Amino acid sequence: MFTVISAARVYPPNEETLLDTRTVPGELKWAASPTEGGWEEVSIMDEKNVPIRTYQVCNVMEPSQSNWLRTDWIPRSGAQRIYVEIKFTLRDCNSLPGVTGTCKETFNLYYYESNNDREHYIRESNFLKIDTVAADESFTQVDIGDRIMKLNTEVRDVKVTTRKGFYLAFQDVGACIALVSVRVFYKTCPLTVRNLATFPDTNTGADTSSLVEVRGSCVNQSEEREEPKMYCGADGEWLVPIGGCVCNLGYEEKSGACQACKVGFNRAVSTDGACSKCPPHSHSEKEGATVCDCNQGYYRSESDPASMPCTQPPSAPQQLISEVNETSVVLEWSAPLKLGGRSDISYSVDCLLCHGPENVLFSPQQSGLRATRVCVSELQAHTRYTFTILARNGVSQGHSAGAGQSVSVTLTTNQAGEFFFNLCTSLTHSAPSPVTSIQAGDVTRHGVSLAWQQPDRPNGVILEYEVKYYEKDQKESSYRIMKTASRSADITGLSPLTVYLFQVRARTAAGYGEFSGPLEFSTNSGRTHSNVFYSILFGCFGARDIAFFFFIISRRYKHAQTHMASETQATAKTHTHTDHLGIYVDPFTYEDPDQAVHEFAKEIDASNIHIEKVIGIGEFGEVCSGRLRLQGKREIYVAIKSLKAAYSDKQRRDFLSEASIMGQFDHPNIIRLEGVVTRCKPVMIITEYMENGSLDTFLRKHDGQFTVIQLVGMLRGIASGMKYLSDMSYVHRDLAARNILVNSNLVCKVSDFGLSRVLQEDPENAYTTRIPIRWTSPEAIAYRKFTPSSDTWSYGVVMWEVMSYGERPYWDMSNQDVIKAIDEGYRLPPPMDCPVCLHQLMLDCWQTERTHRPSFTQILNMLDKLIRNPTTTLRRTGGDRPVSSLLEPVAGPEFVSVWSAEDCLQAIGMGMYRDTLTTAGYTSPDSLLTLTHQDMTSIGIITPSHQDQILASVQQVLLSHMQQIQEQMPDSMVPV
């Protein structure tokens, strides 16, 4: 018939091919009906001159064509939804002479599921239709002559889950068509490793919106930290990783695997991220070491962590001296020259070659001494004693060093000695007296030099001094300590122009003495004159330029302050304007429920209501539509909620409480209460009738049929209603698309005010059974903290529902997985074709800190701006963002002095608004000083805390820099 040129195809990694006619060797030999005059198998050459088998048919002159072509049996290999890619060419009927109404330009695609391939004959009526396929491009006889072939590619999908395999069938109804190639495939989420867990190849679900939960398995040499899970999406992408694994000890994570620590490294603690080099005096001789062995002559105690260097026992104490007074002796020594790298040194006293009774007393004790002095009493007169002082530390016991290194002294006692014993005990326990004569030397902007004299009564060798200092205003509630071995100290890091109090105390072997009395010093302003700075400044700019520079900065600052004051006044006026709104009254505060109902709702005579049909079932009974005719008013359509028969008093109270709530509201975007029927049965609540029902169902029914500006208009109406409720001090608690009703003019109205009743009536059960987890803020789930900010969180989810045309938030994830994912920082990705600015507004609504979320007033202003400027604000979409793109937390501000707008925003943690501000013309640091709340709201920065941080922090950064330059200038150069 003709030759077709087709390009080679590289299949995506998440597609598994079940059939590709271009790769089948030899003839296809598919079943055709009728066998003659219908579909015909032919060979054609592709672009590489490789023959491929195709089918063609061109019976366009004869009416009522029904030519069938059936493939061989195709095993589905576990696929639940298969895709059929058809490449074909089709002749334009208008180019065929003599054809009247018999030529067609479409064909039909069918399938039939079967458990085996032995069904040689299948009735055509058994096949189920997938779709009618039409061509986007057709060719003419001229195209054939010029060899310009127009190849069509169409893909259709269908669920196949009931049998082991299936057949495909193509029905020609009178077209001139050639099937160039047929490829049947299914989608999988490919093998991947995430958080050290392996997730296998997984077939996608049967439905295009379904998620398949997959449990991962830890990679080699790792163990579970928390059960690893991910979800396989319908498009073959992995979504929302939860949990993960950690490498075993001796291994570290590299490139998604656990690799053994190299020789000379170890990993001993699971919280350590990577292998660590062996600490000093230790080594590892093989890979995968969990601990490094100590070198010869070095040791660790049982309590030492594996990351601690190996140490040695101490050397012997030094300079042992004794002072004998008859039958008592004071022994004093110096610390060992080598401490072995440890600080847990202690001493013990052994009495060797002692003669006489064993009732010798040691003060304060004989072993475990921390001080380098001991008093020994109740010795025998005229007796020769040998005392040995042993030094020990944490690694002394059980090693070649034995019990420790020692030093000895031999002495002979005298007569009596009671007085000296008392003196000895006193000296052993006496600490040094307080330090006196503290003096301040050089006092600077950020520091002060101190010096002092030794205590009058040191009572031993002074080992070190301790300086305590704190700001006078803090009254010692927050102090800092500095230690020194000399009688002076340089204190730095102080605040300028601040009064500090300083105290000093000394330490001997007996311990610390008392602090000296507080001495008061003040740091100065630190104004210095830098000749180098002057020469650079004057050389670059000149005095007049510098003065003009600071004049401009000062004027900018004053202008910004004026704008801030104006903004504050405007805000005050706004609050004043809303003061006339009523404040919501909780109907549960009324002892008599009928009193609350009749105060806020109008009683309607049941004879004025005509019920037409049942449209739903509510919590308390049926929901009907009908007509309401009141005297002097036109007849209107209404919705009628009725209370089921045999109700209890509690059910009646709960039923009417919603009317008591609705009756307090009067807003075009809040469902309007027409009245109630309470004086006869059944008890009824009458509201306006919303023709299009709930918003989520309405959007799913009209998927893809609205423009972005129409969807934003719906969101604007919901935000307007929520702003009204917020101004009334009412918290909805159950804002979701299912509780938004839509009328015939696409006006959205907030409804369903029953959840607050449920939460107040039975808070424990309500929490476990009635909380809508997918729409509820984290603080409301964890602490039942419901505020207008928690309604803002819910509004963000409603925005996502609207922009995704009623998709279920978080898809098929369980409630627990939703809570866990949100706690880990994950947020819903942008729906398809959703403008970036709208998704950013969703993310603002989903801020973890509730004070960072925008108010409904700010949301309404933002949506109004989008509606006024749709060509610029709604142009960019997030459709090209990965589905797994999730919000990351913003780091806190670090105030540094910078002079570029970009660096300034980065320094205060507001770098995410760089492009927004640059596009709006704020390109220099001084232009940032002119920003106001109103300016930021108008360009899309609507989070209140972010606005305040930009206003306050930018001024602080720039003015701090200006102040530093001013302090380095002569007084004559500082602008007035």
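Okay, so the sequence shown: first residue is 0 according to numbering that gives the first Met the number 0, each after it adds one. Glycine included, C-beta positions come from ideal geometry on N, C-alpha and C. These numbers were taken from a predicted model, which means no experiment stands behind them.
> Cα separation between threonine 16 and leucine 95?
Replying inline: Locating residue 16 in the sequence shown gives position 17, where the first residue counts as 1. Locating residue 95 in the sequence shown gives position 96, where the first residue counts as 1. Roughly 37 Å separates the two Cα atoms.
>> Could you check whether the Cβ of valine 83 sits closer than 7 Å to any heavy atom belonging to the ligand ADP?
In response: Ligands in the displayed structure: none, and consequently the ligand ADP is not present.
> Which residues in the same chain have their Cβ closer than 6 Å to the Cβ of arginine 913, if we skip the five residues on either side of it in sequence?
Replying inline: The residue given as residue 913 occupies position 914 in the sequence shown. Within the same chain, arginine 913 has close Cβ partners Glu901 and Leu904.
> Mind checking threonine 88: buried by the 16 CB within 10 Å criterion, or exposed?
Replying inline: Along the sequence shown, read from residue 1 onward, the residue named residue 88 stands at position 89. So threonine 88 ends up on the buried side.
> Between threonine 917 and methionine 812, what straight-line distance do the alpha-carbon atoms span, to the nearest angstrom?
Replying inline: By 1-based counting over the sequence shown, the position of residue 917 is 918. By 1-based counting over the sequence shown, the position of residue 812 is 813. Going by the C-alpha atoms only, they are around 40 Å apart.
> If we ignore side chains and look at the alpha-carbon of each, how far apart do proline 431 and tyrosine 468 end up?
Replying inline: Working through the sequence shown from its first residue, we reach residue 431 at position 432. Working through the sequence shown from its first residue, we reach residue 468 at position 469. Spanning the two alpha carbons is a distance of roughly 20 Å.
>> If I follow the unbroken alpha helix (DSSP H) through phenylalanine 126, where does it start and stop?
In response: One-based indexing of the sequence shown puts residue 126 at position 127. Counting along the chain, phenylalanine 126 falls outside any alpha helix (DSSP H), and DSSP gives it neither H nor E.
> Does the beta-carbon distance from valine 359 to valine 373 come in below 8 Å?
Replying inline: Your numbering for residue 359 matches position 360 in the sequence shown. Your numbering for residue 373 matches position 374 in the sequence shown. No.
>> Closest to serine 300 by C-alpha separation, out of Ile639, Gly340, Ile43 and His701, would be which residue?
In response: If you number the sequence shown from 1, residue 300 lands on position 301. The residue with the shortest Cα to Cα distance from serine 300 is Gly340.
> Taking just the CA atoms, how far does arginine 90 sit from proline 806?
Replying inline: For the purposes of this step, residue 806 is identified with residue 807 of the sequence shown, where counting begins at 1. For the purposes of this step, residue 90 is identified with residue 91 of the sequence shown, where counting begins at 1. In the sequence as presented, proline is not what sits at residue 806; that position holds glutamate. Straight-line Cα distance between these residues: approximately 40 Å.
> Where does phenylalanine 785 sit, in a helix, a strand or coil, going by DSSP?
Replying inline: Working through the sequence shown from its first residue, we reach residue 785 at position 786. DSSP places phenylalanine 785 in coil when its eight states are reduced to three.
>> Assess contact between the stretch 674 to 688 and the stretch 769 to 789, defined as three or more Cβ pairs (one per stretch) separated by less than 8 Å. Is contact present?
In response: no
> Taking the alpha-carbon positions, what's the glutamate 252 to serine 275 distance?
Replying inline: Position 253 of the sequence shown, counted from the start, is the residue given in the question as residue 252. Position 276 of the sequence shown, counted from the start, is the residue given in the question as residue 275. Going from the Cα of glutamate 252 to the Cα of serine 275 covers about 13 Å.
>> Here's the rule: buried if 16 or more other CB atoms are within 10 angstroms of the residue's CB, otherwise exposed. What is threonine 326?
In response: Counting from one through the sequence shown, the residue named residue 326 turns up at place 327. With 16 or more other Cβ atoms within 10 Å, it is buried.
>> According to DSSP, is leucine 18 part of a helix, a strand, or is it coil?
In response: Looking up residue 18 in the sequence shown gives position 19. In this structure, leucine 18 counts as strand in the three-state DSSP scheme.
> Can you give the beta carbon distance from isoleucine 480 to leucine 449, rounded, assuming they're within the 8 Å contact cut?
Replying inline: Here residue 480 refers to the residue found at position 481 when the sequence shown is read from its first residue. Here residue 449 refers to the residue found at position 450 when the sequence shown is read from its first residue. The pair is not a contact, with the Cβ atoms about 14 Å apart (cut-off 8 Å).
> Which partner residues does methionine 935 have in the DSSP bridge list?
Replying inline: Along the sequence shown, one-based indexing puts residue 935 at 936. None, per the DSSP bridge assignment.
>> Does methionine 44 come out as helix, strand or coil in the three-state DSSP assignment?
In response: For the purposes of this step, residue 44 is taken as residue 45 along the sequence shown, with counting starting at 1. If DSSP states are grouped into helix, strand and coil, methionine 44 belongs with the strands.
>> To the nearest angstrom, how far is the alpha carbon of leucine 493 from that of phenylalanine 501?
In response: Numbered from 1 along the sequence shown, position 494 holds the residue referred to as residue 493. Numbered from 1 along the sequence shown, position 502 holds the residue referred to as residue 501. Their backbone Cα atoms lie some 12 Å apart in a straight line.
> Quick one: Cα of valine 394 to Cα of threonine 507, how far?
Replying inline: Position 395 of the sequence shown, counted from the start, is the residue given in the question as residue 394. Position 508 of the sequence shown, counted from the start, is the residue given in the question as residue 507. C-alpha separation (whole angstroms): 26 Å.
> Between methionine 909 and histidine 945, what straight-line distance do the alpha-carbon atoms span, to the nearest angstrom?
Replying inline: For the purposes of this step, residue 909 is identified with residue 910 of the sequence shown, where counting begins at 1. For the purposes of this step, residue 945 is identified with residue 946 of the sequence shown, where counting begins at 1. Their Cα atoms are separated by approximately 8 Å.
>> Taking the beta carbon of tyrosine 298 as the centre, do at least 16 other beta carbons fall within 10 Å, making it buried, or is it exposed?
In response: Locating residue 298 in the sequence shown gives position 299, where the first residue counts as 1. By the neighbour-count rule (16 or more Cβ atoms within 10 Å), tyrosine 298 is buried.
> Measuring CA to CA, which of Lys261, Leu238, Pro240 and Gly255 is closest to glycine 249?
Replying inline: The residue labelled residue 249 in the question sits at position 250 within the sequence shown. Checking every option, the nearest Cα to that of glycine 249 belongs to Lys261.
>> Taking the beta carbon of glutamine 452 as the centre, do at least 16 other beta carbons fall within 10 Å, making it buried, or is it exposed?
In response: Within the sequence shown, numbered from 1, the residue matching residue 452 stands at position 453. When all chains shown are included, glutamine 452 counts as exposed.
>> As a quick exercise: from Ile608, Met229 and Phe184, pick the residue whose alpha carbon is nearest that of tryptophan 810.
In response: By one-based count along the sequence shown, residue 810 stands at place 811. Closest option to tryptophan 810, Cα to Cα, is Met229.
> proline 1020: buried (16+ other C-beta within 10 angstroms of its C-beta) or exposed?
Replying inline: Within the shown structure, residues of the chain are numbered from 0 to 975, placing residue 1020 beyond reach of any answer.
> Which residue's Cα is closest to the Cα of aspartate 726: Val584, Thr915 and Leu627?
Replying inline: What you label residue 726 is simply residue 727 of the sequence shown in a count that begins at 1. Ranking Val584, Thr915 and Leu627 by Cα distance to aspartate 726 puts Val584 first.
>> Can you confirm whether the stretch 814 to 833 touches the stretch 741 to 749 when touching is taken to mean that 3 or more C-beta pairs between the two stretches lie within less than 8 Å?
In response: no
>> Taking contact to mean 3 or more Cβ pairs, one atom from each stretch, closer than 8 Å, check whether the stretch 228 to 248 and the stretch 813 to 829 are in contact.
In response: yes
> With 16 as the cutoff for other CB atoms within 10 Å, does methionine 60 come out buried or exposed?
Replying inline: Stepping through the sequence shown from its first residue, residue 60 is reached at position 61. Classification of methionine 60: exposed, given that the 10 Å Cβ count is below 16.
>> Suppose contacts are defined by Cβ-Cβ distances below 8 Å. Is serine 743 in contact with glutamate 690 by that definition?
In response: The sequence position of residue 743 within the sequence shown is 744, counting from 1. The sequence position of residue 690 within the sequence shown is 691, counting from 1. Contact: yes.
> Which residue from Leu368, Asp343, Pro278 and His609 puts its Cα closest to that of serine 624?
Replying inline: By 1-based counting over the sequence shown, the position of residue 624 is 625. Per the Cα distances, His609.
> Skipping 5 residues on each side, what residues in its chain have a beta carbon closer than 6 Å to that of asparagine 738?
Replying inline: As a first step, residue 738 must be located in the sequence shown, where it is residue number 739. Counting only Cβ-Cβ distances below 6 Å, and skipping sequence neighbours, we find Ser750 and Asp751.
> Using a beta-carbon distance below 8 Å, is tyrosine 794 in contact with chain B?
Replying inline: Checking the listed chains, one finds no chain B in this structure; it contains a single protein chain.
>> Going by the DSSP bridge assignment, what does leucine 521 pair with across the sheet?
In response: As a first step, residue 521 is located in the sequence shown; it is residue number 522 there, counting from the start. One point to set straight first is that residue 521 is serine, not leucine, in the sequence displayed. In the DSSP output, where bridge partners are listed per residue, serine 521 has Val498.
> Are leucine 167 and threonine 53 touching if we call contact CB-CB under 8 Å?
Replying inline: For the purposes of this step, residue 167 is taken as residue 168 along the sequence shown, with counting starting at 1. For the purposes of this step, residue 53 is taken as residue 54 along the sequence shown, with counting starting at 1. Result no, Cβ atoms of leucine 167 and threonine 53 do not sit closer than 8 Å.
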